[in-house]
Amino acid sequence: MAQEIMQVSPLPPFMMNALQEADYIVHDHTHIKDPGALSKVTALVGTGAAKVDKKLLSMLPNVKLIVICGVGYDGVDVVAAKERGIVVTHTPGVLTDDVADLAMSLLLSIGRRIPQADKFVRNGDWVDDEFALTHKVSGSRLGIVGMGRIGRAIAKRASAFDMPISYTGREAKTDVPYAFYKTATELAAAVDYLVVAVPGGDNTSNLIGASVLQALGNKGYLINIARGSVVNQSVLVQALKDKAIAGAALDVFWDEPIIDPELRRLPNVVLTPHIASATVETRQAMAALALANLQAFYEKRALPTPVPECQ
Ligand code: 8YV
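Below, the structure written as structure tokens:
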């Protein structure tokens, strides 16, 4: 019998196709309202952008699984899910390289002003002007907020650029050779580039605020490939306007895809549309892992990648 599942965010076509090929009946939560139909749904599927709160869960009496196609699941109320005996899965590991690659790309882009240089050439400005000198990236100091899988992959890449690496996190790790700072503010004061690589959610909301940006200073750059919620939006925009920091390169935003017009107008930013995991190879691997979790659940096998709280 075909299983009835519900998508809780738009799904990429190859995820949708894979679900349909595997014979799942996929409902869309923006269309299904009838309680009889809702009670047939046994699993929810969404991307990292999915919002699954207590209210939504209360409409779905028979849901037993939430499958997130993404490593971040901060939109899911895991506590409420666990109270109901619902297991949450995500897709760690398969996107680490892509996210770290984008973090380095953003770091180089903001440091060497690549988008601005590209615009300079396209606009014909080169004919009677010289592009302003930037600063050397190799050998500059990198601070990573969050030394998890992605933080480590960024550190590995930055090591090849001879960047001294330090980090902050809940605790010092015994298996990395990098300097540990207890707070993001102390870390920011010691580096040229500060990369945010922590999960979103209540524990990290507004972690990067005024004191961190002040410590980073007018020669420091902020890079965020984690979640917009980790950085205090208005404080960052003000710091960029005042040139209290040198610049920011952001792949994630507070209310994406709606971007603060003030931020869009600033010259000292590089902005990308949440593309850290957006390669064909990685999105396919994420979809395959999400599907593997779903299939394991219905076949009553151990789930490949439950979130840590559900292990
Ligand atoms: C995507 C992400 O936004 O994995 C995450 O946490 O933010 C991204 O990979 C996403 O979930 C796309 O499906």
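Once you know that position 161 of the sequence shown is 161 in the working numbering, the rest is easy, because the numbers rise by one and skip nothing. Note that CB positions come from ideal geometry on N, CA and C, so glycine has one too. Predicted model only: the values in this text are computed from it and were never measured.
Residue i: buried (16+ other C-beta within 10 angstroms of its C-beta) or exposed?
{"i": "residue 258", "result": "exposed"}
{"i": "residue 227", "result": "buried"}
{"i": "residue 218", "result": "exposed"}
{"i": "residue 199", "result": "buried"}
{"i": "residue 129", "result": "exposed"}
{"i": "residue 9", "result": "buried"}
{"i": "residue 289", "result": "buried"}
{"i": "residue 7", "result": "buried"}
{"i": "residue 251", "result": "buried"}
{"i": "residue 17", "result": "exposed"}
{"i": "residue 133", "result": "exposed"}
{"i": "residue 224", "result": "buried"}
{"i": "residue 283", "result": "buried"}
{"i": "residue 152", "result": "buried"}
{"i": "residue 205", "result": "exposed"}
{"i": "residue 104", "result": "buried"}
{"i": "residue 168", "result": "buried"}
{"i": "residue 30", "result": "exposed"}
{"i": "residue 1", "result": "exposed"}
{"i": "residue 302", "result": "exposed"}
{"i": "residue 81", "result": "buried"}
{"i": "residue 37", "result": "exposed"}
{"i": "residue 234", "result": "exposed"}
{"i": "residue 127", "result": "exposed"}
If you run the structure through DSSP and keep just helix, strand and coil, what is residue i?
{"i": "residue 298", "result": "helix"}
{"i": "residue 235", "result": "helix"}
{"i": "residue 1", "result": "coil"}
{"i": "residue 284", "result": "helix"}
{"i": "residue 89", "result": "strand"}
{"i": "residue 263", "result": "helix"}
{"i": "residue 248", "result": "strand"}
{"i": "residue 14", "result": "helix"}
{"i": "residue 102", "result": "helix"}
{"i": "residue 196", "result": "strand"}
{"i": "residue 81", "result": "helix"}
{"i": "residue 67", "result": "strand"}
{"i": "residue 95", "result": "coil"}
{"i": "residue 271", "result": "strand"}
{"i": "residue 26", "result": "strand"}
{"i": "residue 20", "result": "helix"}
{"i": "residue 76", "result": "strand"}
{"i": "residue 257", "result": "coil"}
Bridge partners of residue i, per DSSP?
{"i": "residue 181", "result": "168"}
{"i": "residue 311", "result": "In the DSSP output, where bridge partners are listed per residue, residue 311 has none listed."}
{"i": "residue 306", "result": "89"}
- Item | Inter-stretch contact (C-beta, 8 Å, three-pair minimum) for the segment 180–189 and the segment 207–218 | yes
- Message: To test your reading of the DSSP string, which unbroken alpha helix (DSSP H) runs of 4 or more residues are found completely within the segment 29–61?
- Response: 35–38 and 54–58
- Hey, which unbroken runs of the alpha helix (DSSP H) at 4 residues or more fall wholly within the segment 111–175? 114–122 and 149–159
- Evaluate the contact criterion for the segment 158–175 versus the segment 246–254: three or more CB pairs, one atom per stretch, below 8 Å. no
- Just list the alpha helix (DSSP H) runs in the segment 199–223, keeping only unbroken ones of 4 residues or longer that don't cross its boundaries, in chain order. 210–216
- Message: Under 8 Å: do the segment 272–283 and the segment 99–112 share three or more Cβ pairs, one atom per stretch?
- Response: yes
- Contact between the segment 60–76 and the segment 263–272: three or more CB pairs below 8 Å? no
- Message: With a threshold of 8 Å, are at least 3 pairs of Cβ atoms found where one atom belongs to the segment 56–70 and the other to the segment 82–89?
- Response: yes
- Item | Stretch pair the segment 121–139 + the segment 284–302: three plus CB contacts closer than 8 Å | no
- Query: Does the pairing of the segment 153–172 with the segment 116–129 give three or more beta-carbon distances under 8 Å?
  - Reply: no
- Message: Taking 8 Å as the cut-off, does the segment 53–63 touch the segment 16–26 (at least 3 CB pairs, one atom from each stretch)?
- Response: no
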